[in-house]
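> Residue numbers (the numbering used here): 3 to 664. There's a structure below that I have some questions on.
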């Protein structure tokens, strides 16, 4: 029988306000194996840990139950306290009487009864616990950053500056991401390219950073500290070592009808192209679907005019296999598709555009050379209407339920820039709420209203109707004055919701990273581990984790880099001892456990087994402890009951159930 100590935390009034802590202690004292029970206001504090340390020494405890908050918060804290006192840290169990009890109950009697039940279950489990010892695994001192936007760039620079090699994988022909498409940035209105381009150059020149553009992650295997990643480097049809970036091939290319992805389809590009002037690397790529040479076998003009001989039509995709200790996901975002919002006439009129399309129009390197003009007739608009929250904060299934966070600010930015450069242009903004929570953000919005005379109307637009004269009739509501508004506009700009990049779900599946219903990657803990994925060794950077502006993205990129550096700085990692194992006498080699294992930790081998004096060769499941993450999928799948999980065995789980039911 174990000698168990039970420690009940008040957590201020978080627990004690709803749970009778003294009664839980009293009931704990009568549980089998319990030789010590006490309560304290804050068990996680230094004084609380000292009480645990003292009890272990004086009462010769062999197991601990701490009734407190979620194990995600302080399990490590209490395990470390136990280990310092000489107790195996895996003999500690947490009964979550805060999140699972006090926070969800109002009646003290009911909450106390449940807290006692949770304590009993934890005591029953500790009675069957056995000391566990973690193993060790090596750390590959190299990092992978998936995504080459500002988040990926900043993360890679920070990791490389700490002395560790970094690979950036970017699926487009150039790094830069969404920020490279912007004109100005809020709230300082400084040039986006002026900030980003030096960073891109710095990344390209850094000796410890290797950039794989026009490439995608093909597969990921392994575990924290030792990931094996296959990267598909797609054929550019241009030799990057020979190309000088002169641009003659693009100039002479006869196929110039493809829509420019960089300009959001507002202009065309040639079949051989670089996305934008400051692209890194400054090497073009051939779009094989648009190239005449690849479609008909004729043409070949780019090869003829290239004096460096860089054009290579026979180039094929290349698979690169590399090992990494840490992986940072920085896959960025895109605007939602507006095909479900036809009331705004986005598909009916060229003069209804998105905010990102307006960015390209106002950019000096954009399709109109930086001149604000209607795409339908090239005329300068005199009346512009902005519609906020298109697809954001959406109550139906057409859009997103969340606030996209940046729209209020970039609309104020657009309005100020238009009014500053074109003072005779009237700007009206229809909004639900103005949200400006960042540093100097509210002052920025007030400037748009007070200094630049932007007309903000609290209300929603019901419909945008193209008129025969080329105007756009905007039907909206002014909620403050309780009246309907009919307004003619020359141009309508939709502040569309942002969403994670479309490839993020595939990446999350490969990394076994958690993802929410909106396809944002989920952090391990919203407060304490905001840049870590629940999957060890996977870190999150930028908008792949949730909507954020550039300063917040850069901050998170630095935080993700620090976490990755902390991992790479270690020579060895302790592995989780709560891993699965197979009972050779029960295993029938059916492969069901291997089929459900998300980490590829289970293999099979033929082994001689002595089954009650009978020796025979059987196909037995073998678990790689370094790969196993203790998820338990194999234990519930095994039809013969051969698979069990150390620290969470079937016996222990059933003992908890019995304790709850008695």
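Glycine is no exception: its CB is placed at the ideal position from the N, C-alpha and C atoms.
1. Beta-carbon separation of residue 69 and residue 106 under 7 Å?
2. Would you mind sorting residue 309 into buried or exposed? The rule is 16 or more other CB atoms within 10 Å of its CB.
3. Just list the alpha helix (DSSP H) runs in the stretch 466-526, keeping only unbroken ones of 4 residues or longer that don't cross its boundaries, in chain order.
4. Does DSSP put residue 328 in a helix, a strand or coil?
5. Please report the distance separating the alpha-carbon of residue 589 from that of residue 608.
6. Tell me where the alpha helix (DSSP H) around residue 609 begins and ends.
7. Considering Cα atoms alone, identify which of 7, 393, 236 and 151 is closest to residue 334.
8. Counting Cβ pairs, one atom from each stretch, are 3 or more of them under 8 Å apart for the stretch 117-124 and the stretch 20-30?
9. Using a threshold of 7 Å, state whether the C-beta atoms of residue 289 and residue 260 are closer than that.
10. At what residues does the alpha helix (DSSP H) containing residue 11 begin and finish?
11. Indicate the three-state DSSP secondary structure (helix, strand or coil) for residue 262 in the structure shown.
12. At what residue ranges does the stretch 533-603 contain a whole run of the beta strand (DSSP E), taking only runs of 3 or more?
13. Where does the unbroken alpha helix (DSSP H) through residue 444 begin, and where does it stop?
14. When DSSP builds the beta bridges, which residues end up paired with residue 217?
15. By alpha-carbon positions, which one of 405, 21, 456 and 445 ends up nearest to residue 425?
16. Are the stretch 437-453 and the stretch 382-389 touching by the rule of at least three beta carbon pairs closer than 8 Å?
17. Select from 180, 499 and 647 the residue whose C-alpha is nearest the C-alpha of residue 361.
18. Do the CB positions of residue 231 and residue 92 come within less than 7 Å of each other?
19. For a minimum of 4 consecutive residues, which ranges assigned as the alpha helix (DSSP H) are wholly contained in the stretch 68-109?
20. Output the residue ranges of the alpha helix (DSSP H) runs that lie fully inside the stretch 371-444 and measure 4 residues or longer, sorted by chain position.
21. Does the stretch 172-179 touch the stretch 278-285, meaning 3 or more C-beta pairs lie closer than 8 Å?
22. Taking DSSP as the reference, what is the three-state secondary structure of residue 135?
23. Is the Cβ-Cβ distance between residue 171 and residue 148 less than 7 Å?
24. Whether or not the stretch 512-525 and the stretch 536-551 are in contact is what I'm after, with contact meaning three or more pairs of Cβ atoms, one per stretch, closer than 8 Å; do they touch?
25. Are at least three pairs of beta-carbons, each pair with one atom in the stretch 593-603 and one in the stretch 546-561, less than 8 Å apart?
26. What number of angstroms, rounded off, separates the C-alpha of residue 161 from the C-alpha of residue 342?
27. Let me make sure I understand the geometry here. Which of 188, 626, 254 and 240 has the alpha-carbon closest to that of residue 319?
28. At which residues does the beta strand (DSSP E) containing residue 457 begin and terminate?
29. Indicate whether the contact test is met: 3 or more Cβ pairs, each with one atom in the stretch 210-220 and one in the stretch 233-249, closer than 8 Å.
30. My guess is that residue 357 and residue 412 are in contact by the Cβ rule of under 8 Å, so how many angstroms apart are they, rounded?
31. Starting from the C-beta of residue 378, find all residues in its chain whose C-beta is less than 8 Å away, skip the five residues before and the five after it, and write them out in chain order.
32. My output table needs one value for residue 619: the three-state DSSP class, helix, strand or coil.
33. Report the option in 88, 244 and 174 whose CA atom is closest to the CA atom of residue 59.
34. Note down, in chain order, each residue of its chain lying with its Cβ closer than 6 Å to the Cβ of residue 572, except the 5 sequence neighbours on either side.
35. Hey, out of 489, 468 and 470, whose CA is closest to residue 477's CA?
36. Assuming residue 79 contacts residue 46 (C-beta within less than 8 Å), just tell me the rounded distance between them.
Straight from the coordinates:
1. Taking the first residue of the chain shown as 1, we reach residue 69 at position 67. Taking the first residue of the chain shown as 1, we reach residue 106 at position 104. No, these two residues do not count as a Cβ contact at 7 Å.
2. Within the chain shown, residue 309 is the residue found at index 307, counting from 1. By the 10 Å Cβ count, residue 309 comes out exposed.
3. 506-513
4. Residue numbering aside, residue 328 sits at position 326 when the chain shown is read from its first letter. Strand, per DSSP.
5. For the purposes of this step, residue 589 is taken as the residue at position 587 of the chain shown. For the purposes of this step, residue 608 is taken as the residue at position 606 of the chain shown. Each residue's Cα considered, the two are about 12 Å apart.
6. In the chain shown, counting from the first residue as 1, residue 609 sits at position 607. It is not in any alpha helix (DSSP H) - residue 609 instead sits in the beta strand (DSSP E) that spans 604-613.
7. Position 332 of the chain shown, counting from 1, holds the residue named residue 334. Considering only alpha carbons, the answer is 151.
8. With three or more CB-CB distances shorter than 8 Å, the stretch 117-124 counts as touching the stretch 20-30.
9. By 1-based counting over the chain shown, the position of residue 289 is 287. By 1-based counting over the chain shown, the position of residue 260 is 258. Cβ atoms of residue 289 and residue 260: closer than 7 Å.
10. Translated into positions along the chain shown, residue 11 becomes position 9. No alpha helix (DSSP H) holds residue 11; the beta strand (DSSP E) holding it covers 6-11.
11. Translated into positions along the chain shown, residue 262 becomes position 260. In this structure, residue 262 counts as coil in the three-state DSSP scheme.
12. 540-542, 574-576 and 582-584
13. Here residue 444 refers to the residue found at position 442 of the chain shown. Per DSSP, residue 444 belongs to the alpha helix (DSSP H) from 443-452.
14. By one-based count along the chain shown, residue 217 stands at place 215. 235, per the DSSP bridge assignment.
15. For the purposes of this step, residue 425 is taken as residue 423 along the chain shown, with counting starting at 1. It is 456 whose Cα lies nearest to the Cα of residue 425.
16. no
17. Locating residue 361 in the chain shown gives position 359, counting from the first residue. Ranking the options by Cα distance to residue 361, first place goes to 180.
18. Translated into positions along the chain shown, residue 231 becomes position 229. Translated into positions along the chain shown, residue 92 becomes position 90. Contact flag unset, no.
19. 73-86
20. 409-423
21. yes
22. On the chain shown, residue 135 is found 133 positions in, with the first residue counted as 1. Three-state DSSP puts residue 135 in coil, outside helix and strand.
23. Residue numbering aside, residue 171 sits at position 169 when the chain shown is read from its first letter. Residue numbering aside, residue 148 sits at position 146 when the chain shown is read from its first letter. Against a cut-off of 7 Å, the Cβ pair of residue 148 and residue 171 comes out as a contact.
24. With the cut-off at 8 Å, the stretch 536-551 and the stretch 512-525 touch.
25. no
26. Here residue 161 refers to the residue found at position 159 when the chain shown is read from its first residue. Here residue 342 refers to the residue found at position 340 when the chain shown is read from its first residue. If you take the alpha carbons of residue 161 and residue 342, they lie about 42 Å apart.
27. Residue mapping note: residue 319 aligns to position 317 of the chain shown, counting from 1. Ranking the options by Cα distance to residue 319, first place goes to 240.
28. On the chain shown, residue 457 is found 455 positions in, with the first residue counted as 1. Here the beta strand (DSSP E) through residue 457 covers 457-460.
29. Touching, yes, given that three or more Cβ pairs across the two stretches are closer than 8 Å.
30. Start at 1 with the first residue of the chain shown, and residue 357 comes out as number 355. Start at 1 with the first residue of the chain shown, and residue 412 comes out as number 410. With a Cβ gap of about 6 Å, residue 357 and residue 412 count as contacting.
31. For the purposes of this step, residue 378 is taken as residue 376 along the chain shown, with counting starting at 1. Once the five neighbours on either side are set aside, the close Cβ partners of residue 378 are 351, 352, 353 and 472.
32. Within the chain shown, numbered from 1, the residue matching residue 619 stands at position 617. Residue 619 falls in the strand class under three-state DSSP.
33. In the chain shown, the residue the question calls residue 59 occupies position 57. Of all alpha-carbon atoms in 88, 244 and 174, the one lying nearest the alpha-carbon of residue 59 is that of 88.
34. Start at 1 with the first residue of the chain shown, and residue 572 comes out as number 570. Closer than 6 Å at Cβ, skipping near neighbours: 141.
35. Within the chain shown, the letter at position 475 stands for residue 477. Nearest option by C-alpha distance: 489.
36. Numbered from 1 along the chain shown, position 77 holds the residue referred to as residue 79. Numbered from 1 along the chain shown, position 44 holds the residue referred to as residue 46. Confirmed, about 5 Å.
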